[in-house]
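Trainee: Quick note, the sequence shown lines up with residues -30 to -1, 1 to 340 if you use mature numbering (1 follows the signal peptide of the UniProt record, and there is no 0).
Have a look at the structure that comes next, please.
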Amino acid sequence: MSMATGTSSSWMIFGLVLAMLSIAPLAAEARAFFVFGDSLVDSGNNNYLATTARADAPPYGIDYPTHLPTGRFSNGLNIPDIISEQIGQTHPPLPYLNPELIGQKLLVGANFASAGIGILNDTGIQFINIIRMFRQLNYFEEYQHRVSTIIGEEQTRQLVNKALVLITVGGNDFVNNYYLVPFSARSRQFALPDYVKYLISEYRKLLMRLYELGARQVLVTGTGPMGCVPAELAMRGTNGGCSAELQRAAALYNPQLVQMVQGLNREIGQDIFIAANTQQMHMDFISDPQAYGFTTSKIACCGQGPNNGLGLCTALSNLCPDRDHYAFWDPFHPSEKANRIIVQQIMSGTTQYMNPMNLSTLLASDSITN
Ligand SMILES: *[C@@H]1O[C@H](CO)[C@@H](O)[C@H](O)[C@H]1NC(C)=O
Ligand SMILES: *[C@@H]1O[C@H](CO)[C@@H](O)[C@H](O)[C@H]1NC(C)=O
């Protein structure tokens, strides 16, 4: 009896020591994480806004740990959730508008993204009340003031300098602006190549502002192959294939984004920004879905009409039984499985996918000079 007690209490102490050992390095290493952009990375800010651009009803979240909708445009985890896991955080940063984002939770970071937004203020106007990029950046500034009151200005500056920042924006400037309706205002104002140049120059200003606000490790993603998502296959597909026009837009936009990012790094004299070629990552499983374990990349798991690509994913939509077999969860957004493949490439892809380096290299090269 006393033997058993002795054994169990020494196991308890051993367990405690183990727990302390495993907590200590994590606390030292886990960095804050900030997220900016659109529905690909929104984790629920729009739930708090009067807008139709939200994913807070079933079957969204069907494979989330709680099996409940959260506002993520995914069956389960989204790209920020998986990146958060990969950098050793125990919880992904909360949406900035979530009232639970107070006190110590602020130190994990914050997610400012809002579904429907674009680089331009006039993108997504049909969604009315969404957090446009300039406001996401203003919130980032406000966030820093709030954190300063907890840990002081110097510590806040360090927290931000050491943090990982993700920005995913641009797709909506095509889908929910230039190509939203035939003869849209922007398409009458600009030929496509000039529109792309304009977007890139505005995107550059957003990245400079992030830099000025203290961001030093910034992951910038391009758009996916916009013309090949189930929504475009259903609405604009040419001969059952991808929409040629949107593919042309993606082919113009993504390389110029990489060039702009390289130019910024040169100007600053440091590799602050790394660009993810999400177009190529996506294209891989669109051209050979079986190689990635998908049955299809042409049909959304949740939706209706051709390719399940029309309208929204709702409780009344068709719903596939196994989401892991689908590259697309809904007409526009990748499944959790696809998000995992994308993040894998972001972490350890070659320069074909990541420029000038992959995320694990960036995070390992922790020689941050401010
Ligand atoms: C968007 O609106 C804000 C606030 O009115 C303004 O400061 C910003 O310059 C605008 N951005 C663009 C790209 O027009
Ligand atoms: C990317 O990451 C992996 C794993 O960390 C590394 O071994 C590899 O060399 C990197 N690739 C490039 C091209 O930087």
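Where a beta carbon is used, it is the ideal one built from N, C-alpha and C, also for glycine.
Which value, in whole angstroms, describes the spacing of the CA atoms of alanine 25 and leucine 64?
Mentor: Taking the straight line joining both Cα atoms gives about 16 Å.
Trainee: Where do the N-terminal and C-terminal ends of the beta strand (DSSP E) with isoleucine 244 fall, by residue?
Mentor: Unbroken beta strand (DSSP E) run through isoleucine 244: 243 to 246.
Trainee: Are asparagine 309 and isoleucine 49 close, meaning C-beta to C-beta below 8 Å?
Mentor: Against a cut-off of 8 Å, the Cβ pair of isoleucine 49 and asparagine 309 comes out as a contact.
Trainee: I'd like the ranges of any alpha helix (DSSP H) spanning at least 4 consecutive residues and lying wholly in the stretch 92 to 168.
Mentor: For the stretch 92 to 168, whole alpha helix (DSSP H) runs of length 4 or above, ordered along the chain, are 103 to 121, 123 to 132 and 155 to 159.
Trainee: Under a criterion of Cβ closer than 6 Å to any non-hydrogen atom of ligand 1, which residues qualify, in chain order?
Mentor: Here the list is Leu90, Asn91, Phe104 and Glu172.
Trainee: Could you pull the start and end residues of the beta strand (DSSP E) that asparagine 81 belongs to?
Mentor: 79 to 81 is the extent of the beta strand (DSSP E) around asparagine 81.
Trainee: Find out if the Cβ-Cβ distance for the pair arginine 156, tyrosine 148 is shorter than 8 Å.
Mentor: Yes, the Cβ-Cβ distance between arginine 156 and tyrosine 148 is below 8 Å.
Trainee: For glycine 31, which residues from the same chain have a beta carbon less than 6 Å from its beta carbon, with the 5 sequence-adjacent residues on both sides left out?
Mentor: Here the set comprises Leu38, Pro39 and Thr40.
Trainee: What residue ranges within the stretch 213 to 300 form continuous beta strand (DSSP E) runs of no fewer than 3 residues, ordered along the chain?
Mentor: Counting whole runs of 3 or more residues, the stretch 213 to 300 contains the beta strand (DSSP E) stretches 243 to 246.
Trainee: Helix, strand or coil, according to DSSP, for methionine 178 in the structure here?
Mentor: Methionine 178: helix per DSSP, three-state reduction.
Trainee: So, with DSSP's three-state summary, where would you put valine 190?
Mentor: Strand.
Trainee: Count the other C-beta atoms from every protein chain shown that fall within 10 angstroms of the C-beta of phenylalanine 82, then say buried if there are 16 or more, exposed otherwise.
Mentor: So phenylalanine 82 counts as buried.
Trainee: Under the rule that 16 or more other beta-carbon atoms within 10 Å means buried, what is lysine 175, buried or exposed?
Mentor: That one is exposed.
Trainee: My assumption, with CB atoms under 8 Å, is that alanine 246 sits in contact with isoleucine 316. Please give the rounded CB distance.
Mentor: Sure, about 5 Å apart at Cβ, within 8 Å.
Trainee: Nearest to phenylalanine 302 by CA position, among Gly14, Arg42, Pro35 and Leu19, is which residue?
Mentor: Nearest of Gly14, Arg42, Pro35 and Leu19 to phenylalanine 302, Cα basis: Arg42.
Trainee: Can you tell me the Cα-Cα spacing of leucine 90 and glutamine 74, whole angstroms?
Mentor: Those two C-alpha atoms are separated by around 33 Å.
Trainee: Are the beta-carbon atoms belonging to proline 200 and methionine 253 less than 8 Å from one another?
Mentor: No, the Cβ-Cβ distance between proline 200 and methionine 253 is not below 8 Å.
Trainee: Taking 6 Å as the limit between beta carbons, can you name the residues of its chain near threonine 331, skipping five residues before and five after?
Mentor: Here the set comprises nothing.
Trainee: Ignore the nearest five residues each way along the sequence and tell me which others in cysteine 212's own chain have a CB closer than 6 Å to its CB.
Mentor: Answer for cysteine 212: Gly197 and Cys198, listed in chain order.
Trainee: So, with DSSP's three-state summary, where would you put proline 200?
Mentor: In the structure shown, proline 200 sits in a helix (DSSP, three-state: H, G or I).
Trainee: Using a Cβ-Cβ cut-off of 8 Å (strictly less than) and excluding sequence neighbours within five positions of isoleucine 242, which residues of its own chain qualify?
Mentor: Correct list, in chain order: Tyr181, Ala185, Arg186, Gln187, Val188, Leu234 and Asn235.
Trainee: For proline 29 and arginine 293, I'd like the C-alpha separation in whole angstroms.
Mentor: Whole-angstrom Cα-Cα distance: 11 Å.
Trainee: Report the CB separation of leucine 129 from leucine 77 in whole angstroms; it is logged as a contact under 8 Å.
Mentor: Confirmed, Cβ separation roughly 7 Å.
Trainee: List in chain order the residues whose CB is within less than 6 Å of at least one heavy atom of ligand 3.
Mentor: No copy of ligand 3 appears in this structure; the ligands present are ligand 1 and ligand 2.
Trainee: Could you check whether glutamine 56 and alanine -1 sit closer than 8 Å to each other, using their CB atoms as the reference points?
Mentor: Going by C-beta atoms, alanine -1 is not nearer than 8 Å to glutamine 56.
Trainee: How close, in whole Å, do the beta carbons of asparagine 99 and leucine 19 come, if the pair is a contact with beta carbons under 8 Å?
Mentor: Between leucine 19 and asparagine 99 the Cβ distance is about 5 Å, and since that is below 8 Å, they are a contact.
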